Amino acid sequence: MNPQAKLIFTISLMLGTTITISSHHWVMAWAGLEINTLAILPLISKSHHPRAIEAATKYFLTQSAASALLLFSSMTNAWHTGQWDITQMTHPVSSLILTAAIAMKLGLVPFHFWYPEVLQGSPLTTGLLLSTIMKLPPITLLFMTSPSLNPTLLTTMAILSAALGGWMGLNQTQIRKILAFSSISHLGWMAIILVYNPKLTLLNFYMYTLMTAAVFLTLNSMKVLKLTTLMTAWTKTPSLNAMLLLTLLSLAGLPPLTGFLPKWLIIQELTKQDMAPAATIISLLSLLSLFFYLRLAYCTTITLPPHTTNHMKQWHISKPTNMLIAILTTMSITLLPMAPMILTII
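Here the sequence shown is numbered in my numbering, starting from 3 and rising by one per residue.
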């Protein structure tokens, strides 16, 4: 892709995200979401492969439908209450339509079908953008409207997301699809606590972004897309592979790694809200996700003796992301002891 074009699309992505997260008026938020959608489409389809074009088409159709629903919910709310302010979403029907629209934008169950397909058809760097930056504006809108959302609906969608994200990721061999189902599962954790403590949703999103960025950039530097290629990647970058193992376990939420922090706080808050059954169910469902993370981690560190692989033993990464990967991976593994300081910040 032309560097100037890539620069324009990247700036448009940042602009759309900034407009949405800083807006108070529904029409401005909608405009920011539309700019985001239009900016990411060329990045999805830049390889001109039929699968990439299909992914871009699916993404466009889903996001257009979600944006139309969002605009419809805000107009319904304005019709009944006379308010266009995002925080004044008080009409119950409007809140339900808004929840459906944002669930469609994020890929929450039952609107998750497009997400694994789109991620599978995108390059790893675009997949990273879809999993992190593109989720920030919808989550910000959920954060701003959280007092008026329906807790029963969100809890149901959250538990279903954790269940389907775990179950459907079990038999996958494509790493991008595994990461897509992992994202759906994490969205369940964010949705379940949204009404009770929105700041924990944001904390969970930040931690998820940190760990996912580390995983995507590592896989991108190793040029790995399938489990079979991941099995032979240890000869090229052994140290990076060892760190990828720990980052994947952190993404699974195992103590004493960073990924355990948001899960711990969410379970604690759910118990305080007399929602111990929901906390128990979502904790048990996260074991499904843990299984495929362990499978990924096993394939990462497998050494297959006594067979020899055809790869040359080399320590060479062509992409200049070494320092960024090092920082992200370190943070993905070691932030748990800083939990008290993080809690005072939020």
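Glycine residues also receive a C-beta, built at the ideal position from the N, C-alpha and C atoms.
Nothing here was measured: the structure is a model prediction, and the numbers come from that model.
(1) One question on the structure: do residue 197 and residue 149 come within less than 9 Å of each other, judged by their Cβ atoms?
(2) Do you know offhand how far residue 85's Cα is from residue 27's?
(3) When we look at the beta-carbon of residue 6 and count the other beta-carbons within 10 Å, is it buried (16 or more) or exposed?
(4) Might you give, ordered along the chain, the residues of its own chain that have their beta carbon closer than 7 Å to the beta carbon of residue 314, omitting 5 neighbours on each side?
(5) So what does DSSP say about residue 27, is it helix, strand or coil?
(6) Is it the case that the Cβ atoms of residue 105 and residue 113 are separated by a distance below 9 Å?
(7) Identify which residue in 41, 296 and 216 has its Cα closest to the Cα of residue 173.
(8) Using beta-carbon positions only, say whether residue 334 and residue 260 come within less than 9 Å of one another.
(9) First and last residue of the alpha helix (DSSP H) that includes residue 62?
(10) Quick check on the burial criterion: 16 or more other C-beta atoms within 10 angstroms. Buried or exposed for residue 270?
(11) Taking DSSP as the reference, what is the three-state secondary structure of residue 176?
(12) Nearest to residue 129 by CA position, among 192, 227 and 247, is which residue?
(13) For residue 20 and residue 183, what's the separation of their Cα atoms in angstroms?
(14) With distance defined between alpha-carbon atoms, name the residue in 200, 153 and 332 nearest to residue 1.
(15) According to the neighbour-count rule (16 or more other Cβ atoms, all chains shown, within 10 Å of its Cβ), is residue 76 buried or exposed?
(16) May I ask you to list the residues that DSSP assigns as paired with residue 228?
(17) Taking DSSP's pairing of strands, which residues face residue 87 in a bridge?
(18) Just to confirm the assignment, what range does the alpha helix (DSSP H) spanning residue 94 have?
(19) Using the C-alpha atoms, what's the distance from residue 100 back to residue 194?
(20) Applying the criterion that 16 or more other CB atoms from any shown protein chain within 10 Å of the CB defines a buried residue, is residue 328 buried or exposed?
(21) For the putative contact between residue 341 and residue 248, defined by C-beta atoms under 8 Å, what is the C-beta separation to the nearest angstrom?
(22) Along the chain, where does the alpha helix (DSSP H) containing residue 125 start, and where does it finish?
(23) Cβ atoms of residue 3 and residue 45: under 9 Å apart, would you say?
(24) Starting from the C-beta of residue 254, find all residues in its chain whose C-beta is less than 6 Å away, skip the five residues before and the five after it, and write them out in chain order.
(25) Just checking, does the segment 212 to 229 make contact with the segment 126 to 142 on the three C-beta pairs under 8 Å criterion?
(26) What residue ranges within the segment 207 to 270 form continuous alpha helix (DSSP H) runs of no fewer than 4 residues, ordered along the chain?
(27) Helix, strand or coil for residue 284? Go by DSSP, reduced to three states.
(28) Is it a yes or a no for the segment 160 to 170 touching the segment 272 to 284, going by three-plus beta-carbon pairs under 8 Å?
(29) If you follow the alpha helix (DSSP H) that residue 143 is in, where does it begin and where does it stop?
(30) Where do the N-terminal and C-terminal ends of the alpha helix (DSSP H) with residue 170 fall, by residue?
On the basis of the supplied data:
(1) The residue labelled residue 197 in the question sits at position 195 within the sequence shown. The residue labelled residue 149 in the question sits at position 147 within the sequence shown. Cβ atoms of residue 197 and residue 149: closer than 9 Å.
(2) Here residue 85 is taken as the residue at index 83 of the sequence shown, counted from 1. Here residue 27 is taken as the residue at index 25 of the sequence shown, counted from 1. Rounded to whole angstroms, residue 85 and residue 27 show a C-alpha spacing of 9 Å.
(3) Translated into positions along the sequence shown, residue 6 becomes position 4. Per the 10 Å Cβ criterion, exposed.
(4) As a position in the sequence shown, residue 314 is number 312, starting the count at 1. Confidence at residue 314 is low in this model, with a pLDDT of 49, below 50, so the placement of that residue should be treated as unreliable; the coordinate-derived value is given next. Once the five neighbours on either side are set aside, residue 314 has no close Cβ partner at all.
(5) As a first step, residue 27 must be located in the sequence shown, where it is residue number 25. Strand at residue 27.
(6) On the sequence shown, residue 105 is found 103 positions in, with the first residue counted as 1. On the sequence shown, residue 113 is found 111 positions in, with the first residue counted as 1. Between residue 105 and residue 113, the CB-CB gap stays under 9 Å.
(7) Translated into positions along the sequence shown, residue 173 becomes position 171. Taking only the C-alpha atoms, the option nearest residue 173 is 296.
(8) Here residue 334 refers to the residue found at position 332 when the sequence shown is read from its first residue. Here residue 260 refers to the residue found at position 258 when the sequence shown is read from its first residue. The answer is yes: Cβ separation under 9 Å.
(9) Counting from one through the sequence shown, the residue named residue 62 turns up at place 60. Boundaries of the alpha helix (DSSP H) around residue 62: 52 to 83.
(10) If you number the sequence shown from 1, residue 270 lands on position 268. Using a 10 angstroms sphere on the CB of residue 270, the tally of other CB atoms stays under 16, which defines it as exposed.
(11) Counting from one through the sequence shown, the residue named residue 176 turns up at place 174. Residue state, collapsed to three classes: strand.
(12) Numbered from 1 along the sequence shown, position 127 holds the residue referred to as residue 129. Measuring from the Cα of residue 129, the nearest candidate turns out to be 227.
(13) Stepping through the sequence shown from its first residue, residue 20 is reached at position 18. Stepping through the sequence shown from its first residue, residue 183 is reached at position 181. Computed Cα separation, rounded: 27 Å.
(14) Outside the displayed span of the chain (3 to 348) sits residue 1, for which this structure offers no information.
(15) For the purposes of this step, residue 76 is taken as the residue at position 74 of the sequence shown. Burial call: buried.
(16) Sequence index remark: in the sequence shown, residue 228 carries index 226 (1-based). Note: residue 228 sits in a beta bridge opposite 176.
(17) As a first step, residue 87 must be located in the sequence shown, where it is residue number 85. Under DSSP, residue 87 shares a beta bridge with 27.
(18) By one-based count along the sequence shown, residue 94 stands at place 92. Here the alpha helix (DSSP H) through residue 94 covers 94 to 108.
(19) For the purposes of this step, residue 194 is taken as residue 192 along the sequence shown, with counting starting at 1. For the purposes of this step, residue 100 is taken as residue 98 along the sequence shown, with counting starting at 1. Taking the straight line from one Cα to the other gives about 16 Å.
(20) Position 326 of the sequence shown, counted from the first residue, corresponds to residue 328. Residue 328 is exposed by the Cβ-count criterion.
(21) Taking the first residue of the sequence shown as 1, we reach residue 341 at position 339. Taking the first residue of the sequence shown as 1, we reach residue 248 at position 246. Actually they do not touch by this definition, with Cβ atoms about 18 Å apart.
(22) Position 123 of the sequence shown, counting from 1, holds the residue named residue 125. Run containing residue 125: none; DSSP gives neither H nor E here.
(23) Here residue 45 corresponds to residue number 43 of the sequence shown, with the count starting at 1. Here residue 3 corresponds to residue number 1 of the sequence shown, with the count starting at 1. Yes.
(24) Position 252 of the sequence shown, counted from the first residue, corresponds to residue 254. Taking residue 254 as the centre and dropping the five residues before and after it, the same chain places the C-beta of 292 and 295 closer than 6 Å to its C-beta, in chain order.
(25) The segment 212 to 229, when compared against the segment 126 to 142, does touch it at the 8 Å Cβ threshold.
(26) List check, alpha helix (DSSP H) in window: 229 to 233 and 240 to 254.
(27) Sequence index remark: in the sequence shown, residue 284 carries index 282 (1-based). Of the three classes helix, strand and coil, the one that applies to residue 284 here is helix, per DSSP.
(28) In short, these stretches touch, since the Cβ pair count reaches three.
(29) The residue labelled residue 143 in the question sits at position 141 within the sequence shown. Element bounds for residue 143: 138 to 147.
(30) What you label residue 170 is simply residue 168 of the sequence shown in a count that begins at 1. Start and end: 153 to 170.
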